[in-house]
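Here's the structure we're looking at; comments come further down.
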Amino acid sequence: MKRKSKQRSEYYQSIARYYFKQRGAPFFLSSAELDIIAKWEIMKIPLPVVLEGIKRAFENYLRRPGKRAKIQTLAYCKPQVLKAFDQHKERRVGSERKTVERAEKRIRARTEIKKFLETLPDQIDYLKEAYSRARSLLSQSPVDEEELERIEGEVEELIWGHSSKELKERFKKDVRLEYKIEEGDELLRILRLKLGKALRDRYRIPYVSLFYY
Numbered sequence: 002m003k004r005k006s007k008q009r010s011e012y013y014q015s016i017a018r019y020y021f022k023q024r025g026a027p028f029f030l031s032s033a034e035l036d037i038i039a040k041w042e043i044m045k046i047p048l049p050v051v052l053e054g055i056k057r058a059f060e061n062y063l064r065r066p067g068k069r070a071k072i073q074t075l076a077y078c079k080p081q082v083l084k085a086f087d088q089h090k091e092r093r094v095g096s097e098r099k100t101v102e103r104a105e106k107r108i109r110a111r112t113e114i115k116k117f118l119e120t121l122p123d124q125i126d127y128l129k130e131a132y133s134r135a136r137s138l139l140s141q142s143p144v145d146e147e148e149l150e151r152i153e154g155e156v157e158e159l160i161w162g163h164s165s166k167e168l169k170e171r172f173k174k175d176v177r178l179e180y181k182i183e184e185g186d187e188l189l190r191i192l193r194l195k196l197g198k199a200l201r202d203r204y205r206i207p208y209v210s211l212f213y214y
């Protein structure tokens, strides 16, 4: 019973964390949004499928022309989550191949992380402990994907927390010019994404989550 409760909590937390990362503040879910997640759980929609649906919803939103109001509710993501789930069920017809694909993803991620740790630059030595834990997890079968998601979030916080004030200010100026945003949560959200991607590219920091492989 305790294990089920823990898994349920991790399902909710992983969805909330990824949704907040895409949307920005406010960093809490309404009762209606919690009900949406509860329905997804009852439908047994796997966590990676929910995250894929949320990702698609925000990507489609950003492609829309003209000035856009901020997404305010998880309900906006429902159609894409359900669409992703339908596609997931279709893919399950070849379930044997799917198992192989997950194993291949695990091997690719483990290889990338092993290579990263072997050539870890001193400037980002603060990532060593988190990536060592990820490598250990990826050596197990089946792999705990929810724990990998948590480490992914931890890595993002470490990158942001260890970035210098000067670097943040430089990226903030670029974001203001590109997106015409002066201050606020939206600017901070975009700033963190841009800075994180730039540092990942510079130091070839691999992702931990299998979602990216």
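Letter by letter, the sequence shown follows residues 2 to 214 in our numbering. Glycine included, each C-beta is placed from N, C-alpha and C at the ideal position.
Identify, in the order they occur along the chain, each residue of the same chain with its Cβ nearer than 7 angstroms to the Cβ of Val-144, setting aside the five sequence neighbours on each side. Arg-107 and Leu-138
Skipping 5 residues on each side, what residues in its chain have a beta carbon closer than 6 angstroms to that of Glu-11? Glu-147
Alpha carbon to alpha carbon, how far is Phe-21 from Leu-83? 19 angstroms
Starting from the Cα of Ile-125, find the closest Cα among Trp-41, Ile-38 and Arg-203 and give me that residue. Arg-203
Quick one: Cα of Ile-55 to Cα of Ile-16, how far? 9 angstroms
State the start and end residues of the unbroken alpha helix (DSSP H) segment that holds Val-51. 48–64
Assuming Phe-1 and Leu-189 make a contact with CB atoms under 8 angstroms, what is their CB distance in whole Å? Examination of residue 1 is not possible in this model, given that the chain is present from 2 through 214 alone.
Are Lys-115 and Arg-136 closer than 8 angstroms when you measure CB to CB? yes
Go to Tyr-213, then tell me how far its alpha helix (DSSP H) extends in each direction, as first and last residue. Looking at the DSSP string, Tyr-213 is not in any alpha helix (DSSP H), and its letter there is neither H nor E.
If you reduce the DSSP assignment to three classes, tell me which class Thr-112 lands in. helix
Below 8 angstroms on the Cβ atoms is my guess for Tyr-1 versus Phe-117; work out the distance and round it to an integer in Å. With the chain running from 2 to 214 in the structure shown, residue 1 is simply not present.
In angstroms, rounded to a whole number, what distance separates the CA positions of Ile-206 and Thr-74? 32 angstroms
Verify whether the separation of the beta carbon atoms of Glu-158 and Tyr-208 is less than 8 angstroms. no
Tell me whether Ala-110 is buried or exposed, calling it buried when 16 or more other Cβ atoms sit within 10 Å of its Cβ. buried
Rounded to whole angstroms, what's the CA-CA distance from Lys-90 to Pro-80? Just pull it up for me. 15 angstroms
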